[in-house]
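A.B. asks: One structure, pasted below without further comment.
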Amino acid sequence: MIFDRKAKAVTPPEKDAKPVGEIATHATLLSRLLADLGAPIAQDVIGEALAASPADETFERAQDALSKIGFQAQTHNIPIADLPRHCVPAFVVDDTGNAVILHELTDETAVISRADPDGHVGQETVALKTLNGAARALWFYPEDADDRGVQGRLSAINPIKTLGGQRVAWILVAAFLSNVLGIATSLFVMVVYDRVLPNKALESLYALAIGVAIAVLFDTVLRNARSAIVEAATERADRRVTEDIFDQFVSASSRNSDRKIGQLASVVRDYEHYRDFMTSAAVLAFVDLPFVFVFVYVIWHIAGAVAIVPLVAVPVVIGGVMLAQPIVTRSSKDASRVAQTRQSLLVEVLSGLEPLRVSGAYSLLKRRFLSQAGQQRVATTRARDLSSVVGAMISVVQQSVQVAVIVIGFHLFVSQQITMGAIMGSVILSGRAMGPLSRVGQAMGRISSVRVAYRNLHEFLSTQRMGEVAHATTATNTRAVIDVSNVTYRPQSEMPALFSGLSVTINAGEKVAILGRTGSGKTTFLRLLNGLCEPETGAVFVGGQAVAAIPRARIPHQIGTVFQMPWLFAGSLFDNVSMAHERLDEAVVTQALAAVGMGSFPLDYQVAEQGANLSGGQKQAISVARALAFDPPVLLMDEPTSAMDAQLEARIVTYLRTKKANRTMMIVTHKAALIGLCDRVLIMDQGRIVEDMSVAEYRKKTAKADVNPTEKPRAPRTITRKLGPLKRPSQKAGNTQ
Numbered sequence: 001m002i003f004d005r006k007a008k009a010v011t012p013p014e015k016d017a018k019p020v021g022e023i024a025t026h027a028t029l030l031s032r033l034l035a036d037l038g039a040p041i042a043q044d045v046i047g048e049a050l051a052a053s054p055a056d057e058t059f060e061r062a063q064d065a066l067s068k069i070g071f072q073a074q075t076h077n078i079p080i081a082d083l084p085r086h087c088v089p090a091f092v093v094d095d096t097g098n099a100v101i102l103h104e105l106t107d108e109t110a111v112i113s114r115a116d117p118d119g120h121v122g123q124e125t126v127a128l129k130t131l132n133g134a135a136r137a138l139w140f141y142p143e144d145a146d147d148r149g150v151q152g153r154l155s156a157i158n159p160i161k162t163l164g165g166q167r168v169a170w171i172l173v174a175a176f177l178s179n180v181l182g183i184a185t186s187l188f189v190m191v192v193y194d195r196v197l198p199n200k201a202l203e204s205l206y207a208l209a210i211g212v213a214i215a216v217l218f219d220t221v222l223r224n225a226r227s228a229i230v231e232a233a234t235e236r237a238d239r240r241v242t243e244d245i246f247d248q249f250v251s252a253s254s255r256n257s258d259r260k261i262g263q264l265a266s267v268v269r270d271y272e273h274y275r276d277f278m279t280s281a282a283v284l285a286f287v288d289l290p291f292v293f294v295f296v297y298v299i300w301h302i303a304g305a306v307a308i309v310p311l312v313a314v315p316v317v318i319g320g321v322m323l324a325q326p327i328v329t330r331s332s333k334d335a336s337r338v339a340q341t342r343q344s345l346l347v348e349v350l351s352g353l354e355p356l357r358v359s360g361a362y363s364l365l366k367r368r369f370l371s372q373a374g375q376q377r378v379a380t381t382r383a384r385d386l387s388s389v390v391g392a393m394i395s396v397v398q399q400s401v402q403v404a405v406i407v408i409g410f411h412l413f414v415s416q417q418i419t420m421g422a423i424m425g426s427v428i429l430s431g432r433a434m435g436p437l438s439r440v441g442q443a444m445g446r447i448s449s450v451r452v453a454y455r456n457l458h459e460f461l462s463t464q465r466m467g468e469v470a471h472a473t474t475a476t477n478t479r480a481v482i483d484v485s486n487v488t489y490r491p492q493s494e495m496p497a498l499f500s501g502l503s504v505t506i507n508a509g510e511k512v513a514i515l516g517r518t519g520s521g522k523t524t525f526l527r528l529l530n531g532l533c534e535p536e537t538g539a540v541f542v543g544g545q546a547v548a549a550i551p552r553a554r555i556p557h558q559i560g561t562v563f564q565m566p567w568l569f570a571g572s573l574f575d576n577v578s579m580a581h582e583r584l585d586e587a588v589v590t591q592a593l594a595a596v597g598m599g600s601f602p603l604d605y606q607v608a609e610q611g612a613n614l615s616g617g618q619k620q621a622i623s624v625a626r627a628l629a630f631d632p633p634v635l636l637m638d639e640p641t642s643a644m645d646a647q648l649e650a651r652i653v654t655y656l657r658t659k660k661a662n663r664t665m666m667i668v669t670h671k672a673a674l675i676g677l678c679d680r681v682l683i684m685d686q687g688r689i690v691e692d693m694s695v696a697e698y699r700k701k702t703a704k705a706d707v708n709p710t711e712k713p714r715a716p717r718t719i720t721r722k723l724g725p726l727k728r729p730s731q732k733a734g735n736t737q
C-alpha cells in the first residue's frame with residue numbers, strides 16, 4: 001500500500017524542475033518496501049521510473065512509477081488510524097512531505113523506517129498521532145506477465161478492452177435511453193397535428209411541450225454522459241499507449257530495427273489519427289446503429305407502409321459503404337506508405353542541412369522531395385475523393401428517404417389510412433433513423449485510414465523488446481569482467497553473419513585497444529558489449545551478468561559508453577552530463593567536466609540541439625565526461641578523441657591512466673596515445689579476432705614492419721610493390737567502421 005496524507009496547499013514546482021533528492025529517497029523506500037513484500041526491484045529501476053513520471057505530486061509520481069515497473073494500483077481515501085492491519089507494510093508521506101515505510105501499526109504506536117540523504121534506511125517507533133490524519137491510499141498488486149508484454153501493449157489499443165465490460169454496459173444503457181427519449185419529439189409533433197390543433201387545446205400543448213423539453217434535456221445529458229465515459233476510458237489508455245510508444249522506440253530489439261527513422265516517427269502520427277477517431281462521436285454512431293430498427297418499428301406502428309422507405313434505405317447505405325471500402329482502403333494504404341517515405345526523406349534532409357548546402361545534393365534531394373510530395377498529394381486526394389463520394393451517396397439517400405416518406409404518406413393520407421400528424425412524425429423519425437446511418441457512413445469513410453494506422457501501430461508495438469526473451473545462461477568465466485561466449489550476430493536477417501562463434505574474455509582492470517580495418521566489426525563489437533545488439537546465439541556477460549538482463553537504469557552505472565558520434569540534446573550542460581540522474585550532483589558533474597578540459601564552462605551553459613554550438617572535440621569531451629560521471633567499472637570507448645587536439649587528448653589519457661587505473665577499458669582507436677594507455681591489443685578482421693597480443697608485442701611487430709634494411713629500391717614499380725605492406729598497423733587501426 002502507499003499512503004499520502006493530504007497536505008496543505010503549496011506552490012507547485014516548475015514543470016521542468018526535478019525533485020532530485022526526493023526521488024532518490026522515495027526510490028530507496030519503495031525498493032525496501034517491495035523487497036519486504038517479496039517483489040524486489042532494483043532501486044535504480046524505481047528511481048528511473050519516478051524521474052520519468054510527468055506528475056508533479058508525490059502520490060501521482062509514485063503511482064506512475066509502480067505502474068511502470070509492473071504493478072496495478074487503485075486509490076482510496078482512508079484515515080491512517082483506520083488502516084487495516086493486513087495492509088501493512090505501507091508507504092506514507094506526511095504533511096511535511098517526508099516519506100516513511102510503515103512496518104507495524106497498533107492503536108497508539110507505529111514502527112516506521114526513514115531514509116537519510118545517503119540512502120541509509122533506519123527503523124524507529126513513533127506515536128501514531130504523528131502519522132494520523134486523512135490519507136489517500138494506493139492499493140497495488142503485481143500485473144500479469146501478459147500485461148507487461150506484447151499482449152499488454154496491444155490490449156491498450158483495443159477499444160473493447162480499453163472501455164471494459166462495465167463501461168460498455170453503461171454506454172449501451174445510455175444509448176437505449178437516449179434513443180427512446182428521441183422518439184418523444186416525433187410523437188409530440190404527431191399529437192399536436194392530430195389532437196391539439198383541431199381542438200385548440202392550449203393547456204395540452206404546453207403540457208406536451210414541457211414533457212418534450214424534459215425528454216430533450218435528458219437526451220442531451222445521456223449523450224454527453226456517453227462521450228464522457230469514452231473519454232475517461234481512453235484518457236488512461238492514451239497515457240499507457242503514449243508511454244509504450246516511447247519505450248518501444250527506446251527498447252525495440254535490434255533484430256527488428258529495419259524500419260527507417262521516418263517510418264518510426266510516423267507511428268506517432270498514426271496513433272494520434274487512431275486516437276482522434278476512437279474518441280470522436282463517429283464511434284458512438286455504431287452503438288446507435290441497432291436502434292435504427294427501433295425507429296423503423298415506431299414508423300410502422302404509426303404510419304404503416306411508410307416504414308418500408310427507411311427499411312430499404314438501411315441496406316442501400318450499408319451496401320454502398322461496404323462496396324467502396326476496398327478501394328478506399330487501398331488508397332489509404334498508398335497514402336500512408338508515401339507519407340512514411342516522405343517523412344524519412346524529411347528526417348534525412350533536416351539532419352544534414354549543412355552537408356546538403358555544400359555537397360551539391362540540393363537538386364537530387366529536392367527532386368525526391370517534390371516527387372514524393374506529388375505522390376502523397378495524388379494518393380491523399382484519391383482517398384479523400386472516394387470518401388466524399390460515399391458521403392454524397394449517403395446524403396442523397398437521406399434526402400430521398402424524406403421525400404419518399406412524404407410521397408407515400410400522401411397517398412396513405414388520401415386513402416385515409418394515416419393522419420397528417422403521422423406523416424410529420426414519420427418524417428422526423430425517418431430523419432432520426434438516418435442519423436446513425438449517416439454518421440456510420442462518415443465513420444466508414446475515415447475507418448479505412450484508421451485501419452491502416454491501427455495496423456501500423458499494431459505492427460510497431462508487436463515488435464519484441466530487448467530483454468523480453470530471457471535465456472537461462474551462465475557466465476563461463478566467473479573471473480572475467482567481460483565474457484563473450486560463442487556469439488553469432490547478423491545486422492539484418494537477410495544479411496550474412498558478421499560474427500560467427502566469437503569468443504573473448506577480458507579480466508578486471510585490463511585495458512584493451514581494438515584495431516582493425518574499416519568494416520571489420522569493431523563498433524558492432526562494442527555494441528554487443530553494452531547490449532545495443534542482441535546475438536542470435538551465444539551470450540555476452542559483463543560483471544558476471546548477462547548484458548540482456550541488466551536493467552536499463554543500471555547500465556550507465558556498470559558500463560560507460562562513449563560513442564563514435566557524440567549524442568547531445570538541447571538543454572543545460574549539467575543535464576547533458578548527469579542525464580537528470582538523482583545521484584549525480586553538481587560536484588560530481590563539475591569534476592567530470594574538469595577531467596576532460598571542460599571545467600571553464602558553467603553548468604547552466606545551454607547546449608544547442610545536437611550540440612550545434614560546440615566543436616567536435618568539445619562534443620566528444622562531454623560524451624567522455626558523461627561516461628566518467630557515473631563511475632562505472634567498465635568503459636567502452638569508440639574513437640573517443642578522434643576530433644580532439646593533442647593537448648586535450650593527452651589530458652584525458654593522463655586522467656584515465658592515473659584516476660581510472662583500476663577500470664576495465666575497451667577502446668576502439670587509431671591514436672598512439674590511447675594505444676599506449678592499453679596493455680592488450682585485439683586486431684579484428686571481417687568479424688573475427690585475428691590477433692590477440694600485448695601492447696609490447698604489438699609495438700615490436702609494427703617496428704619490424706616499418707623497417708626493411710635489405711630492400712633496395714631499383715625502380716618505381718618495385719618501390720610501389722614493396723611499400724604496400726609497410727604501412728604502420730596504427731594507421732590500419734584508424735580505418736574504423
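Per full-length UniProt numbering, the sequence shown runs over residues 1 to 737.
Glycine residues also receive a C-beta, built at the ideal position from the N, C-alpha and C atoms.
Report yes if the CB atom of I408 is closer than 8 Å to the CB atom of V298, and no otherwise.
C.D. replies: Within the sequence shown, the letter at position 408 stands for residue 408. Within the sequence shown, the letter at position 298 stands for residue 298. No, Cβ-Cβ distance for I408 and V298 is not below 8 Å.
A.B. asks: Is it true that the segment 397 to 404 meets the segment 304 to 320, where meeting means three or more beta-carbon pairs spaced less than 8 Å apart?
C.D. replies: Because the criterion of three Cβ pairs below 8 Å is met, the segment 397 to 404 and the segment 304 to 320 touch.
A.B. asks: Could you round the C-beta distance between R663 and L682 to whole angstroms and report it? I think they count as a contact, below 8 Å.
C.D. replies: Looking up residue 663 in the sequence shown gives position 663. Looking up residue 682 in the sequence shown gives position 682. Not confirmed; about 18 Å, so no contact.
A.B. asks: Pull up the DSSP beta-bridge partners for D685, would you.
C.D. replies: Your numbering for residue 685 matches position 685 in the sequence shown. D685 pairs with R688.
A.B. asks: For S371, which residues of its own chain have a beta-carbon under 7 Å away from its beta-carbon, when the five flanking residues on both sides are left out?
C.D. replies: On the sequence shown, residue 371 is found 371 positions in, with the first residue counted as 1. Here the set comprises nothing.
A.B. asks: What separation, rounded to the nearest whole angstrom, lies between the Cα atoms of R465 and G435?
C.D. replies: Counting from 1 along the sequence shown, the entry for residue 465 is found at position 465. Counting from 1 along the sequence shown, the entry for residue 435 is found at position 435. About 45 Å.
A.B. asks: Looking at C-beta atoms only, is the number of pairs between the segment 571 to 581 and the segment 602 to 622 that lie closer than 8 Å three or more?
C.D. replies: At 8 Å Cβ cutoff, the stretches touch.
A.B. asks: Under 8 Å, do M598 and Q620 count as touching if we go by C-beta distance?
C.D. replies: As a first step, residue 598 is located in the sequence shown; it is residue number 598 there, counting from the start. As a first step, residue 620 is located in the sequence shown; it is residue number 620 there, counting from the start. In this structure, Q620 does not lie closer than 8 Å to M598 by Cβ.
A.B. asks: Around the Cβ of residue 759, are there at least 16 other Cβ atoms within 10 angstroms (buried) or fewer (exposed)?
C.D. replies: Outside the displayed span of the chain (1 to 737) sits residue 759, for which this structure offers no information.
A.B. asks: Report the option in Q398, I675 and K200 whose CA atom is closest to the CA atom of V512.
C.D. replies: Position 512 of the sequence shown, counted from the start, is the residue given in the question as residue 512. The option with the nearest alpha carbon to V512 is I675.
A.B. asks: Could you give the distance in angstroms between the alpha-carbon of R552 and the alpha-carbon of Q591?
C.D. replies: Along the sequence shown, read from residue 1 onward, the residue named residue 552 stands at position 552. Along the sequence shown, read from residue 1 onward, the residue named residue 591 stands at position 591. Straight-line Cα distance between these residues: approximately 25 Å.
A.B. asks: Count the C-beta pairs between the segment 623 to 633 and the segment 525 to 533 that are closer than 8 Å, then say yes if the count reaches three, no if not.
C.D. replies: The segment 623 to 633, when compared against the segment 525 to 533, does not touch it at the 8 Å Cβ threshold.
A.B. asks: Starting from the C-beta of V192, find all residues in its chain whose C-beta is less than 8 Å away, skip the five residues before and the five after it, and write them out in chain order.
C.D. replies: Locating residue 192 in the sequence shown gives position 192, where the first residue counts as 1. L205, L208 and G421.
A.B. asks: Out of curiosity, what's the CA-to-CA distance linking I652 and V596?
C.D. replies: Start at 1 with the first residue of the sequence shown, and residue 652 comes out as number 652. Start at 1 with the first residue of the sequence shown, and residue 596 comes out as number 596. Distance between the alpha carbons of I652 and V596 is about 6 Å.
A.B. asks: Is it buried or exposed for H273, if we count other Cβ within 10 angstroms and need 16 for buried?
C.D. replies: Here residue 273 refers to the residue found at position 273 when the sequence shown is read from its first residue. The residue in question, H273, is buried, as its Cβ has 16 or more Cβ neighbours within 10 Å.
A.B. asks: Please classify R61: is it buried, with 16 or more other beta-carbons within 10 angstroms of its beta-carbon, or exposed?
C.D. replies: Indexing the sequence shown from 1 puts residue 61 at position 61. So R61 ends up on the buried side.
A.B. asks: Specify the secondary structure class of G501 as computed by DSSP and reduced to three states.
C.D. replies: Position 501 of the sequence shown holds residue 501. Three-state result, G501: strand.
A.B. asks: State yes or no: is the C-beta of F91 within less than 8 Å of the C-beta of L37?
C.D. replies: Here residue 91 is taken as the residue at index 91 of the sequence shown, counted from 1. Here residue 37 is taken as the residue at index 37 of the sequence shown, counted from 1. For F91 and L37, no; Cβs fall outside 8 Å.
A.B. asks: Between the Cα of H301 and the Cα atoms of A265, L353, L187 and M393, which residue gives the shortest distance?
C.D. replies: Here residue 301 corresponds to residue number 301 of the sequence shown, with the count starting at 1. Checked all of A265, L353, L187 and M393; the closest Cα to H301 is L187.
A.B. asks: Starting from A65, trace the beta strand (DSSP E) in both directions and tell me its first and last residue.
C.D. replies: Against the sequence shown, residue 65 aligns to sequence position 65. Looking at the DSSP string, A65 is not in any beta strand (DSSP E); the run it does join, the alpha helix (DSSP H), is T58 to K68.
A.B. asks: Classify T242 as helix, strand or coil using the three-state DSSP reduction.
C.D. replies: For the purposes of this step, residue 242 is identified with residue 242 of the sequence shown, where counting begins at 1. Note: T242 maps to helix in three-state DSSP.
A.B. asks: Note down, in chain order, each residue of its chain lying with its Cβ closer than 6 Å to the Cβ of D692, except the 5 sequence neighbours on either side.
C.D. replies: Within the sequence shown, numbered from 1, the residue matching residue 692 stands at position 692. So the qualifying residues of the chain are L682.
A.B. asks: State the Cα-Cα distance for the pair A673 and E639, rounded to the nearest angstrom.
C.D. replies: For the purposes of this step, residue 673 is identified with residue 673 of the sequence shown, where counting begins at 1. For the purposes of this step, residue 639 is identified with residue 639 of the sequence shown, where counting begins at 1. Each residue's alpha carbon lies about 12 Å from the other.
A.B. asks: A65 and R554: beta carbons closer than 8 Å?
C.D. replies: Position 65 of the sequence shown, counting from 1, holds the residue named residue 65. Position 554 of the sequence shown, counting from 1, holds the residue named residue 554. Against a cut-off of 8 Å, the Cβ pair of R554 and A65 comes out as no contact.
A.B. asks: If you measure between the beta carbons of residue 738 and S615, is that distance less than 8 Å?
C.D. replies: The structure shown does not extend to residue 738, since the chain is modelled only from 1 to 737, so the question has no answer here.
A.B. asks: Would you mind giving the Cβ-Cβ distance between A175 and R226, rounded to the nearest angstrom? I have them listed as a contact below 8 Å.
C.D. replies: Counting from 1 along the sequence shown, the entry for residue 175 is found at position 175. Counting from 1 along the sequence shown, the entry for residue 226 is found at position 226. At roughly 7 Å, the Cβ-Cβ gap stays under 8 Å, so A175 and R226 are in contact.
A.B. asks: Excluding five sequence neighbours on each side, which residues of the same chain lie with their C-beta closer than 6 Å to the C-beta of M637?
C.D. replies: For this step, residue 637 is matched to residue 637 along the sequence shown. V562 and I667, listed in sequence order.
A.B. asks: Distance, Cα to Cα, E354 vs P566?
C.D. replies: In the sequence shown, the residue the question calls residue 354 occupies position 354. In the sequence shown, the residue the question calls residue 566 occupies position 566. Distance between the alpha carbons of E354 and P566 is about 18 Å.
A.B. asks: By the 10 Å Cβ neighbour count, where 16 or more other Cβ atoms means buried, how is T125 classified, buried or exposed?
C.D. replies: For the purposes of this step, residue 125 is taken as the residue at position 125 of the sequence shown. Answer is exposed; the Cβ neighbour count stays below 16.
A.B. asks: Under the rule that 16 or more other beta-carbon atoms within 10 Å means buried, what is M322, buried or exposed?
C.D. replies: The residue given as residue 322 occupies position 322 in the sequence shown. When all chains shown are included, M322 counts as exposed.
A.B. asks: Report the rounded CA-to-CA distance for residue 738 versus V287, giving the unit in angstroms.
C.D. replies: There is simply no residue 738 to check, as the chain begins at 1 and stops at 737 in what is shown.
A.B. asks: Please tell me whether G165 and E582 are closer than 8 Å, where the distance is taken between their beta carbons.
C.D. replies: Against the sequence shown, residue 165 aligns to sequence position 165. Against the sequence shown, residue 582 aligns to sequence position 582. No; because the gap between Cβ atoms is not below 8 Å, this pair is not in contact.
A.B. asks: Using 8 Å for Cβ pairs, my map puts I69 next to A49. What's the rounded Cβ distance?
C.D. replies: Walking along the sequence shown from the start, residue 69 turns up at place 69. Walking along the sequence shown from the start, residue 49 turns up at place 49. Yes, I69 and A49 are in contact; Cβ-Cβ is about 5 Å, under 8 Å.
A.B. asks: CA-CA distance, L532 and V547?
C.D. replies: The count along the sequence shown starts at 1 and reaches residue 532 at position 532. The count along the sequence shown starts at 1 and reaches residue 547 at position 547. Answer to the nearest angstrom: the Cα atoms are 9 Å apart.
A.B. asks: For a test of the three-state rule: what should DSSP assign to D107, helix, strand or coil?
C.D. replies: Start at 1 with the first residue of the sequence shown, and residue 107 comes out as number 107. DSSP places D107 in coil when its eight states are reduced to three.
A.B. asks: Is DSSP giving A443 helix, strand or coil here?
C.D. replies: Position 443 of the sequence shown, counted from the start, is the residue given in the question as residue 443. In this structure, A443 counts as helix in the three-state DSSP scheme.
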